[in-house]
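Structure first, then comments.
Numbering (the working numbering), first residue to last: 17 to 77.
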């Protein structure tokens, strides 16, 4: 099995956590701590994935 790159995992999980946070927010009808946690994790994962991809692409040329 080929190795899976961290930037790929974070790029997939970041938006997934954002969607889960938004879904939790909408089902509760207000922002609750659980929704805040999902949104925070999603934002962090997405930011790190963006930075990793940017670093990988800018180091090649």
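Each residue gets a CB set at the ideal place from its N, CA and C atoms; glycine is no exception. Please read these numbers as outputs of a predicted model, since none were measured by experiment.
Once the 5 residues before and after residue i are set aside, which same chain residues still bring their CB inside 7 Å of it?
| i | result |
| --- | --- |
| residue 83 | Residue 83 cannot be examined here, being either before or after the span of the chain that is shown, 17 to 77. |
| residue 47 | 41 |
For residue i, is the classification buried or exposed, using 16 other Cβ atoms within 10 angstroms of its Cβ as the cut-off for buried?
| i | result |
| --- | --- |
| residue 37 | buried |
| residue 45 | exposed |
Give me the residue from the options with the minimum Cα distance to residue i.
| i | options | result |
| --- | --- | --- |
| residue 25 | 65, 75, 70 | 65 |
| residue 63 | 19, 27, 35 | 27 |
Within the same chain, show all residues whose beta-carbon is closer than 6 Å to that of residue i, passing over the 5 residues directly before and after it, in chain order.
| i | result |
| --- | --- |
| residue 68 | 23 |
Quick check: what's the CA-CA separation for residue i versus residue j?
| i | j | result |
| --- | --- | --- |
| residue 50 | residue 41 | 8 Å |
| residue 20 | residue 30 | 16 Å |
| residue 76 | residue 43 | 44 Å |
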